[in-house]
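277 is the number that our numbering gives to position 167 of the sequence shown; each next residue is one higher, with no gaps.
Ideal Cβ positions, reconstructed from N, Cα and C, are used throughout, including at glycine.
In this text the structure is predicted, and so the values were computed from the model without any measurement.
Let me begin by presenting the structure, written as structure tokens, before commenting on it.
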Amino acid sequence: MISAVQYIPYMRVYIYGETVLSAGCTPVDAITPELVQQLEEMVPFMRNSRGVGLAAPQVGIPQRFFVMDAGDKLRKVINPEILSSGNSTSEMEEGCLSIPGVHKKVRRSKRILVRYQNEAGETIEEELKDFPARVFQHEYDHLDGVLFVDRLTPIARKMVARDLERLAGEKAE
Numbered sequence: 111m112i113s114a115v116q117y118i119p120y121m122r123v124y125i126y127g128e129t130v131l132s133a134g135c136t137p138v139d140a141i142t143p144e145l146v147q148q149l150e151e152m153v154p155f156m157r158n159s160r161g162v163g164l165a166a167p168q169v170g171i172p173q174r175f176f177v178m179d180a181g182d183k184l185r186k187v188i189n190p191e192i193l194s195s196g197n198s199t200s201e202m203e204e205g206c207l208s209i210p211g212v213h214k215k216v217r218r219s220k221r222i223l224v225r226y227q228n229e230a231g232e233t234i235e236e237e238l239k240d241f242p243a244r245v246f247q248h249e250y251d252h253l254d255g256v257l258f259v260d261r262l263t264p265i266a267r268k269m270v271a272r273d274l275e276r277l278a279g280e281k282a283e
């Protein structure tokens with residue numbers, strides 16, 4: 111078990127079925143040089159993996175931080191909170207680096223008000239809407255051990271059950 115953020119010289123994406131993805135994460139106690147380094151390393155790893163977000167548990171760290179770049183700006187998010195969400199929702203296809211090959215529509219709030227710390231320790235409060243709001247919610251879910259497939263309708267979940275069983279089976283081997 112990892113008790114503190116630590117440098118990972120070889121980063122890999124943890125895949126559906128690995129316990130770090132379904133466990134909740136602990137808050138970051140202090141913004142250390144090691145945490146800043148980890149955030150820095152996660153950005154090119156996310157981009158090289160063709161992702162728009164990457165949460166700490168996806169690289170094996172059970173702590174509350176993630177990086178995201180939804181096209182508007184790069185965010186390094188530490189100890190995030192979703193303060194409120196609008197009533198308006200939209201459904202859009204999502205995928206996840208931790209669930210390769212699976213893409214399904216997920217309903218999420220179109221607008222959210224969030225608060226988090228950046229890598230400089232500044233508290234940021236901002237309203238996100240549309241795609242940035244969706245990405246933030248997706249990555250935030252990872253910190254609570256929730257994957258996008260957990261938010262699918264029962265029918266959609268059945269449609270991906272075989273893929274999920276295959277991924278979980280590969281991890282058991």
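State the DSSP-derived secondary structure class of Thr136, mapped to helix, strand or coil.
-> Working through the sequence shown from its first residue, we reach residue 136 at position 26. Of the three classes helix, strand and coil, the one that applies to Thr136 here is strand, per DSSP.
His252 versus Leu223: straight-line alpha-carbon distance, rounded | On the sequence shown, residue 252 is found 142 positions in, with the first residue counted as 1. On the sequence shown, residue 223 is found 113 positions in, with the first residue counted as 1. Their Cα atoms are separated by approximately 18 Å.
In whole angstroms, what separates the C-alpha of Gln116 from that of Arg276?
-> On the sequence shown, residue 116 is found 6 positions in, with the first residue counted as 1. On the sequence shown, residue 276 is found 166 positions in, with the first residue counted as 1. Confidence in Gln116 is poor, its pLDDT being 43 and thus under 50, which makes the residue's placement unreliable; the coordinate value appears in the next sentence. Cα-Cα distance, rounded: 31 Å.
In whole angstroms, what separates the C-alpha of Ser113 from that of Ala230?
-> The residue labelled residue 113 in the question sits at position 3 within the sequence shown. The residue labelled residue 230 in the question sits at position 120 within the sequence shown. Any reading at Ser113 needs caution, since the residue's pLDDT is 34, under 50, leaving its predicted position unreliable; the model's value is listed next. Take the alpha-carbon of Ser113 and the one of Ala230: they are about 22 Å apart.
Collapsed DSSP secondary structure at Lys183 in the structure displayed | Numbered from its first residue, the sequence shown carries residue 183 at position 73. Reduced to three states, the DSSP call for Lys183 is coil.
Please state if the CB of Val259 and the CB of Leu207 are separated by a distance shorter than 8 Å.
-> As a first step, residue 207 must be located in the sequence shown, where it is residue number 97. As a first step, residue 259 must be located in the sequence shown, where it is residue number 149. Taking 8 Å as the Cβ cut-off, Leu207 and Val259 do not qualify as a contacting pair.
Contact set for Lys186: own chain, Cβ-Cβ below 7 Å, skip 5 residues either direction | Taking the first residue of the sequence shown as 1, we reach residue 186 at position 76. Answer for Lys186: Leu149, Val177, Asn228 and Glu229, listed in chain order.
Pull up the CB-CB distance for Arg217 and Glu201, whole angstroms please, since I reckon it's below 8 Å.
-> For this step, residue 217 is matched to residue 107 along the sequence shown. For this step, residue 201 is matched to residue 91 along the sequence shown. About 5 Å separates the two Cβ atoms, so the contact holds.
Please state if the CB of Lys239 and the CB of Lys220 are separated by a distance shorter than 8 Å.
-> On the sequence shown, residue 220 is found 110 positions in, with the first residue counted as 1. On the sequence shown, residue 239 is found 129 positions in, with the first residue counted as 1. Taking 8 Å as the Cβ cut-off, Lys220 and Lys239 qualify as a contacting pair.
Arg225 vs Glu249 beta-carbon contact at 8 Å | Stepping through the sequence shown from its first residue, residue 225 is reached at position 115. Stepping through the sequence shown from its first residue, residue 249 is reached at position 139. Arg225 places its beta carbon 8 Å or farther from that of Glu249.
Give the secondary structure of Leu223 by DSSP, where H, G and I count as helix, E and B as strand, and everything else as coil.
-> To locate residue 223, count along the sequence shown from 1; it is residue 113. In this structure, Leu223 counts as strand in the three-state DSSP scheme.
Glu128: first and last residue of the uninterrupted alpha helix (DSSP H) it sits in = Taking the first residue of the sequence shown as 1, we reach residue 128 at position 18. First-last for Glu128: undefined, no H or E at that position.
Is DSSP giving Glu144 helix, strand or coil here?
-> Within the sequence shown, residue 144 is the residue found at index 34, counting from 1. Looking at Glu144 - three-state DSSP - the assignment turns out to be helix.
Close-in-space but distant-in-sequence residues of the same chain around Ile141 (CB under 6 Å, 5 per side omitted) = What you label residue 141 is simply residue 31 of the sequence shown in a count that begins at 1. If we look at Ile141 and ignore the five residues flanking it on each side, its Cβ neighbours are Gly231.
Say the cut is 7 Å; is the CB of Gly255 nearer than that to a heavy atom of the ligand ZN?
-> Of ligands this structure carries none, so the ligand ZN is not represented either.
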